[in-house]
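Working notes, structure below.
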Amino acid sequence: MRTGLRLPDITFHTRVRDESVGGDNPFRWQDKTTADYFKGKRVILFSLPGAFTPTCSTYQLPGFEKNAEAFRELGIDDIYCMSVNDSFVMNKWAEGQGLGNVKVIPDGSGEFTRRIGMLVAKDNLGFGMRSWRYAAIVNDGVIEAWFEEPGRCDNHGEDPYGESSPENLLSWLRGESVSTAAE
Numbered sequence: 008m009r010t011g012l013r014l015p016d017i018t019f020h021t022r023v024r025d026e027s028v029g030g031d032n033p034f035r036w037q038d039k040t041t042a043d044y045f046k047g048k049r050v051i052l053f054s055l056p057g058a059f060t061p062t063c064s065t066y067q068l069p070g071f072e073k074n075a076e077a078f079r080e081l082g083i084d085d086i087y088c089m090s091v092n093d094s095f096v097m098n099k100w101a102e103g104q105g106l107g108n109v110k111v112i113p114d115g116s117g118e119f120t121r122r123i124g125m126l127v128a129k130d131n132l133g134f135g136m137r138s139w140r141y142a143a144i145v146n147d148g149v150i151e152a153w154f155e156e157p158g159r160c161d162n163h164g165e166d167p168y169g170e171s172s173p174e175n176l177l178s179w180l181r182g183e184s185v186s187t188a189a190e
């Protein structure tokens, strides 16, 4: 479905550590673009409904972190986790998860998620607008493979997880048979 499409050009408002700022909170704003993250690289992008949520924090993010070396051996340069959360939340979540391999991208306004067609209402959970769970292998800004959880809709009663799992992406990269929902 999305395979072969170029990622939307977006500017992400991030907070980066900068010791020259000093004080207890040595961070500064730094805008990064889609090209900054994806140009000239083969990467994994996975997106999820929210930082600190159970499935995201227990399975999906730790699974990508744990399998980073296997992904590198299969030609992946970077692994990015995106969520419709601001940079403060994403940075604190990354710190709490002890990330050393997966990098977080804050899509605070949901603009990237909306333009890629994955923005859904999660009002039933009190979340507002969030991302549907998906993963993609992206080569130089173009979607090479797409893995979307089934049933995408507003206020879905469940949080499906499986298609966008790190194990499924590893199988695809190894040339093993996998289903890629909505492809």
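Numbering-wise, the working numbering comes out as the position in the sequence shown, counting from 1, plus 7.
Ideal Cβ placement from N, Cα and C applies to all residues, glycine included.
Which ranges does the beta strand (DSSP E) cover as unbroken runs of at least 3 residues, wholly within the segment 70 to 123, from first to last along the chain?
85 to 90 and 109 to 113
Where does Cys160 land, buried or exposed, given buried means 16+ other C-beta within 10 angstroms?
Start at 1 with the first residue of the sequence shown, and residue 160 comes out as number 153. By the 16-neighbour rule on beta-carbons within 10 angstroms, Cys160 is exposed.
Would you mind stating whether Gln37 and Thr21 have Cβ atoms separated by less than 8 Å?
Taking the sequence shown and counting its residues from 1, the one referred to as residue 37 is at position 30. Taking the sequence shown and counting its residues from 1, the one referred to as residue 21 is at position 14. Yes, Cβ-Cβ distance for Gln37 and Thr21 is below 8 Å.
Those residues which DSSP pairs with Lys39 across a bridge
Position 32 of the sequence shown, counting from 1, holds the residue named residue 39. Answer by DSSP bridge pairing, in chain order: Phe19.
Going by DSSP in three states, Tyr141 sits in which element: helix, strand or coil?
The count along the sequence shown starts at 1 and reaches residue 141 at position 134. It is a strand residue.
Per-residue DSSP class, three states only, for Ser184
The residue labelled residue 184 in the question sits at position 177 within the sequence shown. Correct three-state label for Ser184: coil.
Taking 8 Å as the cut-off, decide whether the C-beta atoms of Asp85 and Val111 are in contact.
Numbered from its first residue, the sequence shown carries residue 85 at position 78. Numbered from its first residue, the sequence shown carries residue 111 at position 104. No, these two residues do not count as a Cβ contact at 8 Å.
For the beta strand (DSSP E) that Arg9 lies in, which residues bound it at each end?
The sequence position of residue 9 within the sequence shown is 2, counting from 1. Arg9 -> no beta strand (DSSP E), and no H or E assigned at all.
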